[in-house]
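K.L.:
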Amino acid sequence: MIRQSFNDGWSFRPLIAEPQGPNHPVPVALPHDAVIGTPRDPDRQLVGTGYFSGGAWEYTRTLDAPESWRGRAVSLEFEAVYRSPSVYVNGDLAGHGASGYGGFVVEIDPFLRFGQSNEIRVEARAHRDSRWYSGGGITRPVWLLVGDHVHIQADGVVVTTPDIDADAALVCIDTTIENVGRATTTRRLETRILDPEGVEVAVDRTPVTVFGGEGAVVHQRVLVPAPALWSVDSPHIYRVALRLLDGEAIVDECEVTFGIRSLSVDPLRGLRINGETVKLRGACVHHDSGVLGAATFDRAEERRIELLKEAGFNAVRSAHQPLSRAALAACDRVGMLVMDELTDMWTRPKHAFDAALAFPDSWRTDLAAMVRKDRNHPSVVLYSIGNEIPEIGTGAGAAWARRLATETRRLDPTRLVTSGVNGALLVIADTIDGDPELLGEWASAEVSEINTMMAGLADRLNALGVSSAVSALTEETLATLDVAGFNYLDSRYDLDRTLFPHRVIVGSETFPTRIDELWAAVTAHDHVIGDFTWTGWDYLGEAGIGRPHYQGVDSAGGALADYPWGTAWVGDLDITGRRRPASFYREIVYGLRSRPYLAVRTPASFGLEPAPAPWSWSDSISSWNWAGSDGAPIEVEVYSDADEVELFVDGESAGRLPAGRAHRFRAVFAVTYRPGRIEAVAIRGGEPAERTELRTAGPAGLVARADRDRVSAAGDDLVYVDLDLADETGVLATDREDEVTVSIDGPGVLQGFGSASPHNEQSYVGATHRTFRGHVLAVVRPVGEGRIVVSARSEAHGSAEVSVDAIPDVVGAAAPDAAG
Numbered sequence: 002m003i004r005q006s007f008n009d010g011w012s013f014r015p016l017i018a019e020p021q022g023p024n025h026p027v028p029v030a031l032p033h034d035a036v037i038g039t040p041r042d043p044d045r046q047l048v049g050t051g052y053f054s055g056g057a058w059e060y061t062r063t064l065d066a067p068e069s070w071r072g073r074a075v076s077l078e079f080e081a082v083y084r085s086p087s088v089y090v091n092g093d094l095a096g097h098g099a100s101g102y103g104g105f106v107v108e109i110d111p112f113l114r115f116g117q118s119n120e121i122r123v124e125a126r127a128h129r130d131s132r133w134y135s136g137g138g139i140t141r142p143v144w145l146l147v148g149d150h151v152h153i154q155a156d157g158v159v160v161t162t163p164d165i166d167a168d169a170a171l172v173c174i175d176t177t178i179e180n181v182g183r184a185t186t187t188r189r190l191e192t193r194i195l196d197p198e199g200v201e202v203a204v205d206r207t208p209v210t211v212f213g214g215e216g217a218v219v220h221q222r223v224l225v226p227a228p229a230l231w232s233v234d235s236p237h238i239y240r241v242a243l244r245l246l247d248g249e250a251i252v253d254e255c256e257v258t259f260g261i262r263s264l265s266v267d268p269l270r271g272l273r274i275n276g277e278t279v280k281l282r283g284a285c286v287h288h289d290s291g292v293l294g295a296a297t298f299d300r301a302e303e304r305r306i307e308l309l310k311e312a313g314f315n316a317v318r319s320a321h322q323p324l325s326r327a328a329l330a331a332c333d334r335v336g337m338l339v340m341d342e343l344t345d346m347w348t349r350p351k352h353a354f355d356a357a358l359a360f361p362d363s364w365r366t367d368l369a370a371m372v373r374k375d376r377n378h379p380s381v382v383l384y385s386i387g388n389e390i391p392e393i394g395t396g397a398g399a400a401w402a403r404r405l406a407t408e409t410r411r412l413d414p415t416r417l418v419t420s421g422v423n424g425a426l427l428v429i430a431d432t433i434d435g436d437p438e439l440l441g442e443w444a445s446a447e448v449s450e451i452n453t454m455m456a457g458l459a460d461r462l463n464a465l466g467v468s469s470a471v472s473a474l475t476e477e478t479l480a481t482l483d484v485a486g487f488n489y490l491d492s493r494y495d496l497d498r499t500l501f502p503h504r505v506i507v508g509s510e511t512f513p514t515r516i517d518e519l520w521a522a523v524t525a526h527d528h529v530i531g532d533f534t535w536t537g538w539d540y541l542g543e544a545g546i547g548r549p550h551y552q553g554v555d556s557a558g559g560a561l562a563d564y565p566w567g568t569a570w571v572g573d574l575d576i577t578g579r580r581r582p583a584s585f586y587r588e589i590v591y592g593l594r595s596r597p598y599l600a601v602r603t604p605a606s607f608g609l610e611p612a613p614a615p616w617s618w619s620d621s622i623s624s625w626n627w628a629g630s631d632g633a634p635i636e637v638e639v640y641s642d643a644d645e646v647e648l649f650v651d652g653e654s655a656g657r658l659p660a661g662r663a664h665r666f667r668a669v670f671a672v673t674y675r676p677g678r679i680e681a682v683a684i685r686g687g688e689p690a691e692r693t694e695l696r697t698a699g700p701a702g703l704v705a706r707a708d709r710d711r712v713s714a715a716g717d718d719l720v721y722v723d724l725d726l727a728d729e730t731g732v733l734a735t736d737r738e739d740e741v742t743v744s745i746d747g748p749g750v751l752q753g754f755g756s757a758s759p760h761n762e763q764s765y766v767g768a769t770h771r772t773f774r775g776h777v778l779a780v781v782r783p784v785g786e787g788r789i790v791v792s793a794r795s796e797a798h799g800s801a802e803v804s805v806d807a808i809p810d811v812v813g814a815a816a817p818d819a820a821g
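One rule links them: number in my numbering = place in the sequence shown (from 1) + 1.
1) Suppose contacts are defined by Cβ-Cβ distances below 8 Å. Is Trp-538 in contact with Val-590 by that definition?
2) If the criterion is Cβ atoms closer than 8 Å, does the pair Arg-493 and His-528 meet it?
3) Rank Phe-79, Leu-482 and Gly-101 by C-alpha distance to the C-alpha of Ile-121 and give the top, closest one.
4) Out of Trp-347, Glu-688, His-33 and Val-219, which has the shortest C-alpha to C-alpha gap to Leu-190?
5) Could you pull the DSSP bridge partners for Phe-13 from this structure?
6) Using a Cβ-Cβ cutoff of less than 6 Å, which residues in the same chain neighbour Ala-557 once the five nearest sequence positions on both sides are dropped?
7) Report the three-state DSSP secondary structure of Ser-804 (helix, strand or coil).
8) Is Asn-388 helix, strand or coil when you go by DSSP?
9) In angstroms with no decimal places, state the Cα-to-Cα distance between Val-27 and Ser-12.
10) Assuming Ala-369 and Ile-386 form a contact by the criterion Cβ under 8 Å, report the distance between their Cβ atoms to the nearest whole angstrom.
11) To the nearest angstrom, how far is the alpha carbon of Ala-816 from that of Val-712?
12) For Thr-162, which of helix, strand or coil comes out of DSSP?
13) Which same chain residues end up closer than 8 Å to Gly-666 when comparing Cβ atoms and leaving out the 5 residues on each side of it in sequence?
14) Which of helix, strand or coil does DSSP assign to Gly-652?
15) Rounded to whole angstroms, what is the Cα-Cα separation between Leu-272 and Ile-530?
16) Could you tell me if Val-523 is buried or exposed, where buried requires 16 or more neighbouring beta carbons within 10 angstroms of its beta carbon?
17) Can you list, in chain order, the residues of its chain whose CB lies under 6 Å from that of Ala-402, leaving out five sequence neighbours each side?
18) Are Trp-70 and Val-147 close, meaning C-beta to C-beta below 8 Å?
19) Exposed or buried, Thr-730, counting other C-beta atoms within 10 Å across all chains shown (16 or more means buried)?
20) Does the count of Cβ pairs from the stretch 121-137 and the stretch 51-65 closer than 8 Å reach three?
21) Among Val-507, Val-106, Glu-68 and Thr-161, which has the Cα closest to the Cα of Pro-823?
22) Buried or exposed for Phe-360, going by 16 or more other Cβ atoms inside 10 Å?
23) What is the rounded straight-line gap between the Cα of Leu-383 and the Cα of Ala-544?
24) Express the C-alpha separation of Pro-611 and Gly-629 in angstroms, rounding to a whole number.
25) Using only alpha-carbon positions, find the residue among Glu-645, Pro-676, Val-554 and Leu-719 that is nearest to Glu-303.
26) Express the C-alpha separation of Ala-331 and Ala-167 in angstroms, rounding to a whole number.
27) Per DSSP, which residues does Thr-278 bridge with? Please list them.
28) Could you tell me how far apart the beta carbons of Ser-265 and Leu-329 are, in whole angstroms, since I believe they sit closer than 8 Å?
29) For Val-590, which of helix, strand or coil comes out of DSSP?
30) At the level of alpha carbons, what is the spacing between Ala-446 and Gly-559?
31) With a 10 Å radius around its C-beta and 16 neighbouring C-beta atoms as the bar for buried, classify Gln-221 as buried or exposed.
32) My output table needs one value for Gln-322: the three-state DSSP class, helix, strand or coil.
33) Taking the straight line between their C-alpha atoms, what separation do you get for Arg-305 and Val-200?
34) Looking only at C-alpha atoms, which of Ala-357, Ser-325 and Lys-310 sits nearest to Met-337?
35) Exposed or buried, which one is Val-682 when buried takes at least 16 other CB atoms within 10 Å?
36) For Val-1 versus Asn-119, is the C-beta distance shorter than 8 Å?
Laid out in structure tokens, this is it:
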């Protein structure tokens with residue numbers, strides 16, 4: 002099927018007239034998030050979604066269907082519509098989806114009026130049905146598929162590499178050819194393989210006869226000489242170019258990418274890629290794109306994967322829905338391994354109107370959509386069939402696990418199956434009796450929100466995890482998996498090596514504050530293949546779950562925070578893509594950074610006693626700017642793998658303290674704040690080694706910087722413009738805030754604008770936003786060819802502008818100083 006973008010020319014309006022806001026159709030380009038621009042509601046029941054409400058919407062556009070399409074196959078492919086979408090053609094229901102995050106294809110040729118304009122209408126609904134920010138509407142791209150009555154099936158090409166050595170790789174290509182006509186027809190399939198440089202390295206041609214109304218699978222075995230293997234460090238990508246021929250005429254063509262690599266796992270050698278053991282330095286990531294909301298753009302997905310890789314991660318876990326096509330392509334190119342996850346629930350709901358209502362009817366199609374999307378991507382190594390499923394401790398839950406795992410292996414026998422299992426769910430689901438000594442007040446409490454319970458249990462989660470009840474109740478479910486996914490169950494790593502010697506484990510979700518202990522456990526155990534922190538990237542919703550907690554301060558809200566908190570504030574990177582102190586700490590723990598890192602706690606928190614909060618980092622930032630705090634006591638954190646670190650304040654030593662693994666890679670100095678300079682020096686073998694410094698910013702002005710100087714004008718690209726309050730040496734004035742207004746000249750529109758502030762009340766769709774710690778981010782979408790000029794101004798810090806050229810097509814056109 003020939004795929005072409007179907008993202009332009011749409012109009013959008015609320016499905017039911019609302020008392021506030023426009024109710025007439027307005028033009029939009031897809032992808033589009035119908036929620037991100039709506040007012041937030043302080044209703045505490047919306048804390049999970051970041052205080053955003055849902056709604057119901059319709060999208061319409063016309064499609065001119067020429068007479069030449071009569072007798073051809075015409076479909077629409079939706080990568081995701083949130084949620085419960087219904088697709089109408091000329092008023093008739095043509096198809097629908099269920100999950101809100103998975104792709105689906107609707108055949109529309111039976112409903113088209115050829116030679117005329119046709120109305121395409123899509124309805125979507127989101128009714129407070131999510132534990133996090135879901136967004137709403139047509140959130141991922143839409144494609145128009147048109148093919149001859151005999152054509153290559155959409156996502157119908159499967160590439161595997163069953164036999165690989167240094168001399169050659171056997172590449173098997175299975176291509177499904179569909180015949181929607183009535184007559185038996187013969188065509189010829191031409192398959193070419195192109196190496197990472199685009200050079201043809203193999204070709205095969207074969208005739209294929211297909212009965213009317215049926216399909217046929219063409220199996221081709223092609224030998225590729227001297228293969229360049231795909232790995233995290235060397236992500237070589239091959240292409241398969243296919244053409245379906247009727248004589249000399251091309252009636253259909255498509256192209257898929259793949260990588261040549263082997264994959265295996267066992268409890269002695271762990272996870273191996275091409276025979277080499279790889280430990281997963283993993284990041285859980287939600288689907289939203291920060292200031293863009295739930296709208297999924299190719300460049301946004303690519304940028305996120307690039308920045309996560311630069312921060313030291315080599316794997317991502319999609320939480321808790323399938324990763325987008327664009328993100329998978331980026332993972333292939335960058336060298337990022339993937340655990341792709343199907344769903345957050347099976348048959349027991351976690352929210353009154355969530356996807357559990359449709360799961361028994363939709364699981365097969367949702368699972369097939371995920372696997373068909375993933376199975377040619379070398380980055381994908383694990384399929385997760387579910388996250389923290391309440392019923393896993395029951396016989397019925399284990400039967401569902403076996404059903405899902407078996408079907409996943411049938412669809413793709415080349416990858417591994419896992420699921421995120423959390424022992425605390427067994428308490429909430431009343432599967433086990435609460436042990437008063439172990440669970441304390443949670444033994445008899447009514448719990449409907451798992452995050453609150455887990456935060457309350459804190460360190461007692463590990464004691465719960467190693468209980469005999471958890472061992473027994475999870476045994477059957479875990480036996481259905483290739484890799485046991487443990488959410489906050491690291492206490493089982495050593496225990497299960499004895500109890501279940503054939504079990505392979507992955508830390509599928511873990512507390513970020515314990516990465517030093519967790520990573521030591523991962524590296525110490527052969528049967529534990531990696532760790533996925535919650536989370537790699539901050540996200541909208543689960544408001545304030547990662548905020549700092551102190552004894553007697555902000556304790557009434559439980560794990561989640563009151564309005565105006567909006568983001569979780571738990572990512573190594575914030576929603577604008579900037580690294581937080583936890584990210585640099587993690588990099589040191591991983592052994593990827595030798596320089597010490599400086600993080601300064603806010604003066605306001607000095608003397609406060611931290612309260613247990615397993616997702617919460619300290620309130621530190623990498624800055625020596627604290628206006629109004631001269632002479633105040635302040636604490637400076639130094640992260641280092643060196644045995645000792647020394648801190649200097651304006652050249653004067655503030656002392657030496659132990660650091661390194663024995664002291665959790667951290668030393669904390671109490672000093673008196675004064676503007677100037679601080680420096681941390683790693684001491685190795687008693688001698689000064691690597692060093693890092695922070696300086697107080699001088700007079701600051703507004704600085705604009707685009708991530709690239711050229712972008713594609715095709716419509717799926719984005720320009721990221723950082724707007725900083727910085728001095729002439731580039732030091733960020735983190736203690737200054739200002740309202741910044743953005744305007745755009747040329748072929749571009751402002752797609753999103755905002756800061757990383759976890760509790761601001763400003764919209765992400767307006768042209769004015771306040772900086773947070775001296776920074777705000779503008780995201781611009783090209784809408785044509787030409788020069789785009791982004792201008793910004795502020796009341797106190799002046800103005801700045803940056804220009805970017807939108808050209809017909811561009812790949813990897815990064816500016817020399819681009820950061821991502």
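Using N, Cα and C, we set each Cβ at its ideal position, and we do this for glycine too.
P.N.:
Looking at the atomic coordinates:
1) The sequence position of residue 538 within the sequence shown is 537, counting from 1. The sequence position of residue 590 within the sequence shown is 589, counting from 1. No, these two residues do not count as a Cβ contact at 8 Å.
2) Start at 1 with the first residue of the sequence shown, and residue 493 comes out as number 492. Start at 1 with the first residue of the sequence shown, and residue 528 comes out as number 527. For Arg-493 and His-528, no; Cβs fall outside 8 Å.
3) Against the sequence shown, residue 121 aligns to sequence position 120. The shortest Cα separation from Ile-121 among Phe-79, Leu-482 and Gly-101 belongs to Phe-79.
4) Within the sequence shown, numbered from 1, the residue matching residue 190 stands at position 189. It is Val-219.
5) For the purposes of this step, residue 13 is taken as residue 12 along the sequence shown, with counting starting at 1. For Phe-13, which the question treats as bridged, DSSP gives the partners Val-27 and Tyr-60.
6) In the sequence shown, residue 557 corresponds to position 556, counting from 1. With a pLDDT of 48 at Ala-557, under the threshold of 50, the modelled position of this residue cannot be trusted; read the value that follows with caution. Closer than 6 Å at the Cβ level, and outside the excluded window around Ala-557, lies no residue.
7) Along the sequence shown, read from residue 1 onward, the residue named residue 804 stands at position 803. Looking at Ser-804 - three-state DSSP - the assignment turns out to be strand.
8) Working through the sequence shown from its first residue, we reach residue 388 at position 387. Asn-388: strand per DSSP, three-state reduction.
9) For the purposes of this step, residue 27 is identified with residue 26 of the sequence shown, where counting begins at 1. For the purposes of this step, residue 12 is identified with residue 11 of the sequence shown, where counting begins at 1. Near 5 Å, if we compare the C-alpha coordinates of Ser-12 and Val-27.
10) Within the sequence shown, residue 369 is the residue found at index 368, counting from 1. Within the sequence shown, residue 386 is the residue found at index 385, counting from 1. No, Ala-369 and Ile-386 are not in contact; Cβ-Cβ is about 13 Å, not under 8 Å.
11) Here residue 816 refers to the residue found at position 815 when the sequence shown is read from its first residue. Here residue 712 refers to the residue found at position 711 when the sequence shown is read from its first residue. Caution applies to Ala-816, whose pLDDT of 34 falls short of 50 and renders its modelled position unreliable; the value that the coordinates give is listed next. Rounded to the nearest angstrom, the two C-alpha atoms are 10 Å apart.
12) Residue numbering aside, residue 162 sits at position 161 when the sequence shown is read from its first letter. Of the three classes helix, strand and coil, the one that applies to Thr-162 here is strand, per DSSP.
13) Position 665 of the sequence shown, counted from the start, is the residue given in the question as residue 666. In the sequence under discussion, the amino acid at residue 666 is Phe, which differs from the Gly named in the question. Counting only Cβ-Cβ distances below 8 Å, and skipping sequence neighbours, we find Asp-517, Tyr-586, Ile-589, Val-590, Tyr-640, Ser-641, Asp-642 and Ala-660.
14) Locating residue 652 in the sequence shown gives position 651, where the first residue counts as 1. Looking at Gly-652 - three-state DSSP - the assignment turns out to be coil, as it is neither helix nor strand.
15) Counting from one through the sequence shown, the residue named residue 272 turns up at place 271. Counting from one through the sequence shown, the residue named residue 530 turns up at place 529. So the two alpha carbons sit approximately 6 Å from each other.
16) Within the sequence shown, the letter at position 522 stands for residue 523. With 16 or more Cβ atoms within 10 Å of its Cβ, Val-523 is classed as buried.
17) On the sequence shown, position 401 is the one that residue 402 refers to. Thr-478 and Thr-481, listed in sequence order.
18) As a working mapping, residue 70 is identified with position 69 in the sequence shown. As a working mapping, residue 147 is identified with position 146 in the sequence shown. Closer than 8 Å, so yes.
19) Position 729 of the sequence shown, counted from the start, is the residue given in the question as residue 730. Thr-730 should be labelled exposed.
20) yes
21) Absent from the model: residue 823. The displayed extent of the chain is 2 to 821, so no value can be given.
22) To locate residue 360, count along the sequence shown from 1; it is residue 359. Answer is buried; the Cβ neighbour count reaches 16.
23) Against the sequence shown, residue 383 aligns to sequence position 382. Against the sequence shown, residue 544 aligns to sequence position 543. Within the model, the alpha-carbon separation for Leu-383 versus Ala-544 is close to 29 Å.
24) Within the sequence shown, the letter at position 628 stands for residue 629. Within the sequence shown, the letter at position 610 stands for residue 611. So the alpha carbons of these two residues sit roughly 24 Å apart.
25) The residue given as residue 303 occupies position 302 in the sequence shown. For the residues Glu-645, Pro-676, Val-554 and Leu-719, the minimum Cα distance to Glu-303 belongs to Leu-719.
26) Start at 1 with the first residue of the sequence shown, and residue 167 comes out as number 166. Start at 1 with the first residue of the sequence shown, and residue 331 comes out as number 330. Cα-Cα distance, rounded: 26 Å.
27) By one-based count along the sequence shown, residue 278 stands at place 277. Paired residues: Arg-273.
28) Position 264 of the sequence shown, counted from the start, is the residue given in the question as residue 265. Position 328 of the sequence shown, counted from the start, is the residue given in the question as residue 329. Their Cβ separation, rounded to whole angstroms, is 21 Å, which puts Ser-265 and Leu-329 out of contact at 8 Å.
29) By 1-based counting over the sequence shown, the position of residue 590 is 589. Shown here, Val-590 sits in a helix according to DSSP, grouped into three states.
30) The residue given as residue 446 occupies position 445 in the sequence shown. The residue given as residue 559 occupies position 558 in the sequence shown. With a pLDDT of 49 at Ala-446, under the threshold of 50, the predicted position of this residue should be treated as unreliable, though the coordinate-derived value follows. Roughly 14 Å between the two C-alpha positions.
31) The residue given as residue 221 occupies position 220 in the sequence shown. Buried, because 16 or more other Cβ atoms sit within 10 Å of the Cβ of Gln-221.
32) Translated into the one-based positions of the sequence shown, residue 322 becomes position 321. Note: Gln-322 maps to coil in three-state DSSP.
33) Within the sequence shown, numbered from 1, the residue matching residue 305 stands at position 304. Within the sequence shown, numbered from 1, the residue matching residue 200 stands at position 199. One C-alpha to the other measures close to 30 Å.
34) Position 336 of the sequence shown, counted from the start, is the residue given in the question as residue 337. When only C-alpha atoms are compared, the closest one is Lys-310.
35) On the sequence shown, position 681 is the one that residue 682 refers to. Buried, by the Cβ-count rule.
36) The structure shown has nothing for residue 1, since the chain only spans 2 to 821.
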